[in-house]
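**Q** Structure incoming, see below.
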Amino acid sequence: MKNLADPTKPSEGNLPTTETTPLLGAPESSPAKAVTQNGHATKPTDDDPPNAFISNTGDADEEEEKPMPYLQILILCYASLAEPVAYFSIFPFINEMVFRLGHLPETSVGFWTGTIESLFSVVQMVLMIFYGRAADRWGRKPVLVFSLVGVSLATAVFGLSESLAGMIVARCGAGLFAGSVVTIRTMISENCTKKSQARAFSWYMFMRNLGIFIGPLIGGPLACPSDPNRSPGPFCRVPFFQRFPYALATFVAGAVCFTGVIACVFFLKETLKRDIDTNNDGISRPAKSMTTMDVLHAPGVPMVLYILGHTMLLSLGYTAVSPVFLFTSIKKGGLSFDDRQIAIFLAVAGGSQALWMLLVFPPVQRRFGTGNVLRVCTLLWPAMVAMFPVYNELLRHGLDRVFWVTFFPALALGSGVAMSFACVQLAINDIAPSSQVLATVNALALAVNSGVRAFAPVLFTSLFAVGIKSQWADGHLIWVILFVLAIGLHIACWFLPAQAEGKYDQPAKPQQRPENGEVE
Numbered sequence: 000m001k002n003l004a005d006p007t008k009p010s011e012g013n014l015p016t017t018e019t020t021p022l023l024g025a026p027e028s029s030p031a032k033a034v035t036q037n038g039h040a041t042k043p044t045d046d047d048p049p050n051a052f053i054s055n056t057g058d059a060d061e062e063e064e065k066p067m068p069y070l071q072i073l074i075l076c077y078a079s080l081a082e083p084v085a086y087f088s089i090f091p092f093i094n095e096m097v098f099r100l101g102h103l104p105e106t107s108v109g110f111w112t113g114t115i116e117s118l119f120s121v122v123q124m125v126l127m128i129f130y131g132r133a134a135d136r137w138g139r140k141p142v143l144v145f146s147l148v149g150v151s152l153a154t155a156v157f158g159l160s161e162s163l164a165g166m167i168v169a170r171c172g173a174g175l176f177a178g179s180v181v182t183i184r185t186m187i188s189e190n191c192t193k194k195s196q197a198r199a200f201s202w203y204m205f206m207r208n209l210g211i212f213i214g215p216l217i218g219g220p221l222a223c224p225s226d227p228n229r230s231p232g233p234f235c236r237v238p239f240f241q242r243f244p245y246a247l248a249t250f251v252a253g254a255v256c257f258t259g260v261i262a263c264v265f266f267l268k269e270t271l272k273r274d275i276d277t278n279n280d281g282i283s284r285p286a287k288s289m290t291t292m293d294v295l296h297a298p299g300v301p302m303v304l305y306i307l308g309h310t311m312l313l314s315l316g317y318t319a320v321s322p323v324f325l326f327t328s329i330k331k332g333g334l335s336f337d338d339r340q341i342a343i344f345l346a347v348a349g350g351s352q353a354l355w356m357l358l359v360f361p362p363v364q365r366r367f368g369t370g371n372v373l374r375v376c377t378l379l380w381p382a383m384v385a386m387f388p389v390y391n392e393l394l395r396h397g398l399d400r401v402f403w404v405t406f407f408p409a410l411a412l413g414s415g416v417a418m419s420f421a422c423v424q425l426a427i428n429d430i431a432p433s434s435q436v437l438a439t440v441n442a443l444a445l446a447v448n449s450g451v452r453a454f455a456p457v458l459f460t461s462l463f464a465v466g467i468k469s470q471w472a473d474g475h476l477i478w479v480i481l482f483v484l485a486i487g488l489h490i491a492c493w494f495l496p497a498q499a500e501g502k503y504d505q506p507a508k509p510q511q512r513p514e515n516g517e518v519e
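What follows is the structure, encoded as structure tokens:
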């Protein structure tokens with residue numbers, strides 16, 4: 000039988016024990032430590048995640064600044080490319096593919112295109128909680144590898160569809176395996192300390208945006224390689240690509256996703272550390288896991304999930320409306336941008352968001368805390384929304400010079416609102432009631448995200464069309480709605496739970512031990 004240290008003798012850093020002190024339980028006020036065979040605490044090894052032996056209280060004293068495991072974070076960031084590449088790679092050719100394979104009238108293409116795009120998010124939403132619970136039970140790495148393999152295959156198979164029904168099944172299949180984002184976010188959190196996670200998540204979100212950029216670059220140029228008028232090359236006369244004109248694009252997108260599988264299988268380390276629950280009989284057992292409903296009703300979780308949903312509703316509404324607004328004529332309430340100008344707009348917005356996330360967010364979050372940064376970002380959201388109808392009015396009144404001098408600098412500054420996404424993610428991590436259900440909390444958050452993403456684009460583009468047709472307030476109805484949503488989001492952020500404020504540099508209040516020896 001293994002020898003245990005004498006629990007009646009006070010060890011370094013612990014309070015003296017009393018008759019009511021559990022023999023095998025460390026006091027809750029002390030940091031959790033690993034225990035060796037002789038019962039003494041040991042230091043984490045290089046193979047363990049930085050927070051493997053840290054309690055989930057977020058106390059600054061418990062979380063010393065440790066070197067971030069850069070290789071593990073980079074592998075996870077690379078793996079995060081799979082989901083946006085799979086989702087956005089079909090965008091350049093989906094309309095044409097629906098028109099060809101569905102034998103539909105041109106007026107029905109938009110409906111079926113939107114339906115196919117939304118099905119990915121709908122299926123993802125339904126299964127997100129399952130992936131979170133699976134990751135908490137069986138480990139992060141197996142669930143991540145399983146998800147990436149499934150997404151890779153489903154993305155590749157999409158190009159082999161020969162009917163509208165086949166496209167729907169393949170797209171649902173991609174959503175069926177799109178659980179990688181749950182485990183990736185969870186593993187990034189578990190590989191970081193409270194102080195370093197802001198930097199890690201800024202890298203993660205940069206890579207996600209890079210995936211959004213790469214996806215269309217794969218799908219557009221590689222679609223229809225057998226058409227000599229579009230992309231003459233070595234595949235021009237291959238019979239296979241004449242029968243399946245979109246297969247090359249989806250094969251390459253699937254291959255990009257599969258490289259993430261290889262990286263994770265050979266280089267990624269498991270991060271799930273199971274709590275041990277010890278009874279009076281001296282036998283160690285796995286700690287009882289919280290149910291999904293327990294997590295959902297944990298203090299602060301509902302409010303943070305609401306703030307997440309509100310943030311995504313506002314951002315997805317803006318993302319869906321802005322390209323249509325740019326294209327719409329000035330007379331009807333838009334900016335009359337051509338393709339080149341829209342491309343410049345997207346480049347400036349995307350580049351600015353990347354710079355805000357990489358250069359500004361980590362030090363600002365560490366200095367002022369998650370809650371304060373989030374409230375400032377949500378205070379800027381109404382101004383960001385209001386600038387678009389204002390610039391339409393400038394063009395209506397012939398102030399073109401003022402427009403071109405100020406529009407893109409204002410866009411670059413306004414893109415700083417993208418930091419609100421990172422703030423919400425950190426709040427989700429901090430509000431988790433236990434590290435053992437961190438994946439479940441992330442799954443609940445991503446289920447909310449996917450649910451909003453399934454209906455928000457259709458809702459807001461429809462409202463934009465109503466405003467343009469009615470010409471209410473010069474066609475600015477949609478911006479009034481988004482402005483009200485932005486004000487509501489700022490108000491909601493003042494109710495952010497204290498546990499999610501993210502002020503990691505402030506020392507925690509010391510816990511008091513009553514006379515009976517039990518920690519309150």
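When the count follows numbering that gives the first Met the number 0, it moves up by one through the sequence shown with no breaks and lands on 519 for the last residue.
We put the beta carbon where it would ideally sit given N, CA and C, even for glycine.
Only a predicted model underlies this, so the values are computations on that prediction, with no experimental measurement involved.
(1) Report the option in S314, A134, A81, V84 whose CA atom is closest to the CA atom of A438.
(2) Report the residue from F176, R139, V359, T154 whose alpha carbon sits nearest the alpha carbon of C263.
(3) Since T185 is in the alpha helix (DSSP H), which residue starts that stretch and which ends it?
(4) Using 8 Å for Cβ pairs, my map puts V255 next to I217. What's the rounded Cβ distance?
(5) Between which residues of its own chain and V237 is the CB-CB distance below 8 Å, once the five residues before and five after are set aside?
(6) Rank V84, L443, W137, Q470 by C-alpha distance to the C-alpha of P301 and give the top, closest one.
(7) Can you tell which of E161, R136, V168, L163 has the C-alpha that lies nearest to the C-alpha of F119?
(8) From the DSSP output, in three-state form, read off R452 for me.
(9) In angstroms with no decimal places, state the Cα-to-Cα distance between K268 and A499.
(10) Can you check which of these residues, R374, Q424, H102, is closest to H489 by C-alpha distance?
(11) I'd like to check one pair, Y130 with V84: are the Cβ atoms closer than 9 Å?
(12) Just how far apart, CA to CA, sit P220 and G299?
(13) What number of angstroms, rounded off, separates the C-alpha of V440 from the C-alpha of M124?
(14) Leaving aside the five residues before and after F459 along the sequence, list all residues of the same chain whose C-beta is less than 7 Å from its C-beta, in chain order.
(15) Where does Y390 fall in DSSP's three states?
(16) Do you know offhand how far A222's Cα is from F90's?
(17) Are the Cβ atoms of G158 and A78 separated by less than 9 Å?
(18) Alpha carbon to alpha carbon, how far is S414 from W355? Give it in angstroms, no decimals.
(19) Label A453 either buried or exposed according to how many other C-beta atoms from any shown protein chain fall within 10 Å of its C-beta, with 16 as the threshold for buried.
(20) Please give the ranges of any beta strand (DSSP E) in the stretch 117 to 167, keeping only runs that are unbroken, at least 3 residues long and fully inside the region.
(21) Verify whether the separation of the beta carbon atoms of P388 and H475 is less than 9 Å.
(22) So, for N428: in the same chain, excluding its five sequence neighbours on each side, which residues have a beta-carbon less than 6 Å away from its beta-carbon?
(23) Whose C-alpha, out of I183, L334, R184, H296, is nearest the C-alpha of P432?
(24) Can you tell me whether M67 is helix, strand or coil according to DSSP?
(25) Out of L445, L271, L100, which has the shortest C-alpha to C-alpha gap to N190?
(26) Would a check of beta-carbon distances place L410 closer than 9 Å to chain D?
(27) Could you tell me the distance, in whole angstroms, from the CA atom of F87 to the CA atom of S179?
(28) Apply the 10 Å Cβ neighbour rule to F92 and answer buried if 16 or more other Cβ atoms are within range, or exposed otherwise.
(29) I'd like the list of long-range same chain contacts for G113, defined as Cβ closer than 8 Å, with 5 residues on each side in sequence excluded.
(30) According to the Cβ coordinates, are G333 and F326 closer than 9 Å?
(31) Do L312 and V423 have their C-beta atoms closer together than 9 Å?
(32) Whole angstroms is fine: what's the gap from K330's alpha carbon to I486's?
(33) Of all the options V372, T249, K468, which has the alpha carbon lying nearest to the alpha carbon of A173?
(34) Name the two residues that bound the continuous alpha helix (DSSP H) containing M289.
(35) Could you spell out where the alpha helix (DSSP H) holding T405 opens and where it closes?
**A** Straight from the coordinates:
(1) A134
(2) R139
(3) 179 to 189
(4) 7 Å
(5) P224, S225
(6) L443
(7) V168
(8) helix
(9) 27 Å
(10) R374
(11) no
(12) 47 Å
(13) 14 Å
(14) G316, A319, V320, I477
(15) helix
(16) 11 Å
(17) no
(18) 8 Å
(19) buried
(20) none
(21) yes
(22) S188
(23) H296
(24) coil
(25) L271
(26) Any reference to chain D falls outside this structure, which holds one protein chain only.
(27) 16 Å
(28) buried
(29) P456, V457
(30) yes
(31) no
(32) 28 Å
(33) T249
(34) M289 -> no alpha helix (DSSP H), and no H or E assigned at all.
(35) 399 to 413
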